[in-house]
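To keep things clear, I will list the structure first and then write my remarks on it.
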Amino acid sequence: MRARLLAMNAGDFEQQSVVGIPSTVSRQNPTPPSPPSPPPADVRPMLEFSQAAVRFGYRTVWSDVNVSVMPGEFVAILGPNGVGKSTLIKVALGLVPLSAGTATVLGAEPGQAGRDLGYLPQRRSFDQGLRVRGIDVVRLGADGDRWGTPLPFARRWSAQSRAQQERIDEVIEMVGAGQYAERPIGEVSGGEQQRLLIAQALVRRPKLLLLDEPLDSLDLPNQAAVAALISRISRDEGVAVAMVAHDVNPIMSYLDRVIYIGQGGAVSGTVEQVINSETLSRLYDTPIEVLRASDGRLVVVGDPEAPSHHSDRHSGRPLP
Amino acid sequence: MIAVVAATVREGLGWNLVDDMRQLFELHFMVNAFRAGTIVAVVAGAMGWFTVLRRQSFAGHALAVVSFPGAAGAVWLGASATAGTFVASVSAALVIALVPRSASGGGDGEDSAVIGTVQALALASGVLFVSLYGGFLNSLNGLLFGTFLGITDDQVTTLIIVGAAVLAVLAGIGRPLFFATIDADVAQASGVPVRMLSVVFLVLLGCAAAEVSQITGSLLVFALLVLPAASAQRLTSRPGSSFVLTIVLAVAITWVALAAAYFSVHPIGFFVTTIGLGVFVVVTVAQSAKVRIQRRGRSGFTSQGLAA
Ligand SMILES: Nc1ncnc2c1ncn2[C@@H]1O[C@H](COP(=O)(O)OP(=O)(O)O)[C@@H](O)[C@H]1O
Ligand SMILES: [Mg+2]
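Residue numbers (the working numbering), protein chains in the order written: chain L, -16 to 303; chain C, 3 to 310.
This is how it looks when you write it as structure tokens:
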């Protein structure tokens, strides 16, 4: 047990995510968890699932999910690989239908929210040879769904087109992509592509951003930087953010709330309320330990799908 | 007809360029060749730009190959070869579009097994039609490798009508098609009908491939469809500029190839292909040289920054 804990403290999160462990390490606030203050009655959620379930064929991905995201909130959606985090986002976008329950996005049916929703899909990287500039990809977020063809020199005579260009420049500035927005997007780094894609999702001033593992495949400094960026945007622009993550570590300090998804439902609350042995063990119906290392960091140990495999895997690992 | 043409053609290339140009446009068949070539080049450029971005060049090639059995079958049945090419290429486009894609391929990945099969079947049935018709080998060369001789006024009219229709539809779907090409997931989430656009695009590609095959022959369509777009996209990453440049290159390549074919004994398909390839090679070499220079500049900058 001790060996396992030390091995995990070494920060080898990649290994953990491969075997599907909800793993989190954080500087935990020592103050006892306090229940979140109930939202005022007139504030409607940006996103609300109730009694929701998704089935693909005979396989139920998850059921009995009741979650919500309030205006301006920064919420992480967590859970092991394959539990259906991306599916939850796709339901919100109207790309996957619910088999039971209801989903409401910005007060409407999923798929109706349109311009008020920003989306960044999972694991998107552009082909190295793609000779299209970052700024063109950002522009698609503004008008890509409009029929027709962009006309040359539209900015000279169309005020609307000029306003759009100003907004594009603004979001590129906001994500700090000014240096490389004119370069072909295939040639910039993964972190830079991710920033451009966040800019793309922001162009239309959405009220809700749905980000599917935006920190995936970034190195640690970039993860921290992009996480800080998303948090800043959420605050400055007043955007609610629902962000899927497999490692909550880089975003822990920015989060208002976390949503942990399991097959039989989801739990949500503050980090302290959700990421503890009792709550996670109940959600995954298998013993899961949340441990605190001597330096105050929090370690979640356990594998909701195959607990025995997991401990075999890690007990023999050499210490660094 | 061909014999008369051949007799008039071989006056040879003189030193007076103006005189040569005049000579080129004196003959009605040559005027028609330039008209047809220009229409075809514009359509090939516009469609090719998207084809290269979408990585569907292989599908474009297959659809062009299908125009061969289309023409051969039409001639065998006593119908118009031009009509045959369009019917065949558009039908093949629908087959490729409607066969479900392998799950791993995602949105716009080509299903090379389906496309390859369509192509093989096309060549096989083309050969069958030729042998069924018998004694038709003269135009076999033209069908496969291109010809600019004997393009009729009717053919030019057909090319204009179909070409204008293709360009009109393309103009209507241009922006969402670009979105779906670059970023299918987000496009779909924003309400762009990605699947429908990909079917429409393949049908347009079928029309374009059939048009281009009238000039380059069905086996060499690739040259005019893919090479100008690939070259232009290397030269600039601005979508508007590379789109216009693609069309300019396609038209220029076609004109030079037509002139070269007129003053020589070799088929036009050869000239289109070699000139197109020449442009592509020059652009690629120039671009990689530029990248190397930039990289050297950038690493110099970094070491300075570190030293400071
Ligand atoms: N379109 C689909 N058809 C069938 N099964 C699917 C589909 N999309 C996702 N799944 C399955 O649903 C489960 C959840 O997938 P996903 O939402 O991508 O998980 P996560 O994002 O949490 O890793 C997986 O087992 C996946 O195989
Ligand atoms: Mg996922």
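Heads up, the beta-carbon is just placed ideally off N, CA and C, and yes, glycines get one too. Being a predicted model, the structure only gives us computed values, none of them experimental.
Next item on the list: Specify the secondary structure class of Gln121 (chain C) as computed by DSSP and reduced to three states.
Entry: helix
Next item on the list: Under 7 Å from any heavy atom of ligand 2, by CB: list those residues in chain order, please.
Entry: L:Lys68, L:Ser69, L:Gln105, L:Asp195, L:Glu196 and L:Val227
Note to self: Please confirm whether Asp119 (chain L) has its beta-carbon closer than 7 Å to some beta-carbon of chain C.
What the structure shows: yes
Next item on the list: State buried or exposed for Ala126 (chain C), treating a residue as buried only when at least 16 other CB atoms are found within 10 Å of its CB.
Entry: exposed
Checklist line | Contact under 7 Å by Cβ, Val68 (chain C) with Ser82 (chain C) | finding: no
Note to self: Suppose the cutoff is 6 Å on Cβ atoms and the five residues either side in sequence are ignored; what does the same chain contact list for Gln221 (chain L) look like?
What the structure shows: Here residue 221 (chain L) turns out to be Gly, not Gln, going by the sequence shown. Gly55.
Checklist line | 8 Å contact criterion, which Ala164 (chain L) and Leu198 (chain L) should meet: CB distance rounded | finding: 21 Å between Cβ atoms; not a contact.
Next item on the list: For Ile4 (chain L), count neighbouring Cβ atoms within 10 angstroms of its own Cβ and tell me buried if that reaches 16, exposed if not.
Entry: The predicted model places Ile4 (chain L) with a pLDDT of 39, which falls under 50 and marks its position as unreliable; any figure quoted below should be read in that light. It is buried - the Cβ of Ile4 (chain L) has at least 16 other Cβ atoms within 10 Å.
Next item on the list: Provide the residue span of the beta strand (DSSP E) that contains Ile242 (chain L), from first to last.
Entry: Arg240 to Gly245
Note to self: Given 6 Å as the limit, tell me if Val45 (chain C) has its C-beta closer than that to any heavy atom belonging to ligand 1.
What the structure shows: no
Check: Using CA coordinates, which residue listed in L:Ser82, L:Gly62 and L:Met157 is at the minimum distance from Tyr41 (chain L)?
Finding: L:Ser82
Check: Can you tell which of L:Gln256, L:Ile216 and L:Glu261 has its C-alpha closest to the C-alpha of Gly101 (chain L)?
Finding: L:Ile216
Item checked: Cut-off 6 Å between Cβ atoms - residues of its own chain near Asp110 (chain L), not counting five sequence neighbours on either side -> Gly169
Checklist line | Where the alpha helix (DSSP H) containing Glu272 (chain L) begins and where it ends | finding: Per DSSP, Glu272 (chain L) belongs to no alpha helix (DSSP H); it is in the beta strand (DSSP E), Glu272 to Arg275.
Checklist line | Residues bridged to Ser324 (chain L) [DSSP beta-bridge criterion] | finding: Outside the displayed range of chain L (-16 to 303) lies residue 324 (chain L), so it cannot be described from this structure.
Margin query: DSSP three-state label for Gly221 (chain L), please.
Written below: coil
Note to self: To test your reading of the DSSP string, which unbroken alpha helix (DSSP H) runs of 4 or more residues are found completely within the region 129 to 205 of chain C?
What the structure shows: 139 to 147, 155 to 184 and 186 to 191
Checklist line | Proximal residues of chain C, C-beta to C-beta of Pro135 (chain L) below 7 Å | finding: Gly242
Checklist line | chain L contacts from the region 188 to 222 of chain C (Cβ-Cβ distance under 7 Å) | finding: Val188, Ala189, Gln190, Ala191, Ser192, Gly193 and Val194
Item checked: Supposed contact pair Val37 (chain L) and Val79 (chain L) - C-beta distance, whole angstroms, cut 8 Å -> 6 Å
Check: Can you tell me where the beta strand (DSSP E) with Ile60 (chain L) in it begins and where it stops?
Finding: Phe57 to Leu61
Checklist line | Given Val58 (chain L) as reference, the closest of L:Met235, L:Ser260 and L:Asp268 once Cα atoms are compared | finding: L:Met235
Check: Can you tell me where the beta strand (DSSP E) with Asp47 (chain L) in it begins and where it stops?
Finding: Arg42 to Val52
Note to self: Taking a contact to mean a Cβ-Cβ separation below 7 Å, would you say Leu222 (chain C) touches Gly148 (chain C) in this structure?
What the structure shows: yes
Margin query: Tell me whether Asn232 (chain L), by its Cβ, gets closer than 6 Å to a heavy atom of ligand 1.
Written below: no
Check: Which same chain residues, not among the five before or five after Asp21 (chain C), have their C-beta less than 8 Å away from its C-beta?
Finding: none
Check: For the region 84 to 148 of chain L, which segments carrying the alpha helix (DSSP H) assignment without a break, of at least 4 residues, lie completely within its bounds, in sequence order?
Finding: 117 to 126 and 137 to 140
Check: How many angstroms separate the CA atom of Tyr237 (chain L) from the CA atom of Ala210 (chain L)?
Finding: 8 Å
Check: Can a CB atom of chain C be found closer than 7 Å to the CB of Leu76 (chain L)?
Finding: yes
Check: Taking just the CA atoms, how far does Phe203 (chain C) sit from Gly242 (chain C)?
Finding: 19 Å
Check: Who are the near neighbours of Gly307 (chain C) in its chain, counting only those whose CB is closer than 6 Å to its CB and skipping five residues on each side?
Finding: At Gly307 (chain C) the pLDDT is 39, less than 50, meaning the model places this residue with poor confidence; the figure from the coordinates comes in the next sentence. There are no such residues.
Notebook entry, point to check: Near Val66 (chain L), what residues of its chain come up, given a Cβ to Cβ distance below 6 Å and the 5 sequence neighbours on each side ignored?
Noted result: Ile244
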